[in-house]
Amino acid sequence: MARNSTSCESFLQTPLLVLGFIVLVISLAGFIGACFHVAWALWVYLVVMLFIIAALMALTVFGFVVTSQGGGAGVPGRAYREYRLQDYSPWLRKRVQDPDYWRAVRGCILGSRTCAKLAAWTPLDYAQRDMSPVQVQYQFVVVSKYFV
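In this note's numbering, the protein residues as written are 1192 to 1339.
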């Protein structure tokens, strides 16, 4: 079954392919250096791999820093958690409040067909299922259309 590529997939696909190709080339340099005793190839392998590892660690730490306070609070009687924008870092709040960011997110959600799946839910499903914050917000919008 062929799937259409969404903007979410292409957003992640290109950097991951580039990173994978770089790791492949650097690993080949390390392999050649080890097999044929080429010292400079081993040094290139060592330096570039250390840089890649440090960059990935920095990205991980950055992710923890900007989301450190945003774990959400449990809602009594519901399977989902309540999230508040004030709990996150100022950088992340500014980014989330940017309308251009939400245009891309909207394209991702529409491309994933999440809305069509949630439209068939009953009120009982809404109360009992484990949902992401995006699904909770969508359900609120759908329900409010019928009651306003």
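Glycine included, every Cβ here is placed at the ideal spot set by N, Cα and C.
task: State buried or exposed for ILE1184, treating a residue as buried only when at least 16 other CB atoms are found within 10 Å of its CB.
output: Limits of the chain in this structure are 1192 at one end and 1339 at the other, which puts residue 1184 out of reach.
message: Between VAL1214, HIS1228, GLN1319, which has its C-alpha nearest PRO1267's C-alpha?
response: Between PRO1267 and the set VAL1214, HIS1228, GLN1319, the nearest pair of CA atoms involves GLN1319.
- prompt: Can you pull the DSSP bridge partners for GLY1265?
  reply: ARG1272
query: The alpha helix (DSSP H) with ALA1249 in it runs from where to where?
result: 1230 to 1257
- request: Assuming VAL1257 and LEU1283 form a contact by the criterion Cβ under 8 Å, report the distance between their Cβ atoms to the nearest whole angstrom.
  value: Taking 8 Å as the upper bound for CB-CB distance, VAL1257 and LEU1283 are in contact here, some 4 Å apart.
query: How would you call TYR1236, buried or exposed, if buried means at least 16 neighbouring beta carbons within 10 angstroms?
result: buried
field: Residue-chain proximity (TRP1234, chain B), Cβ-Cβ < 8 Å
entry: Among the protein chains of the structure shown there is no chain B, as only one such chain exists.
- prompt: Between LEU1276 and PHE1255, what straight-line distance do the alpha-carbon atoms span, to the nearest angstrom?
  reply: 16 Å
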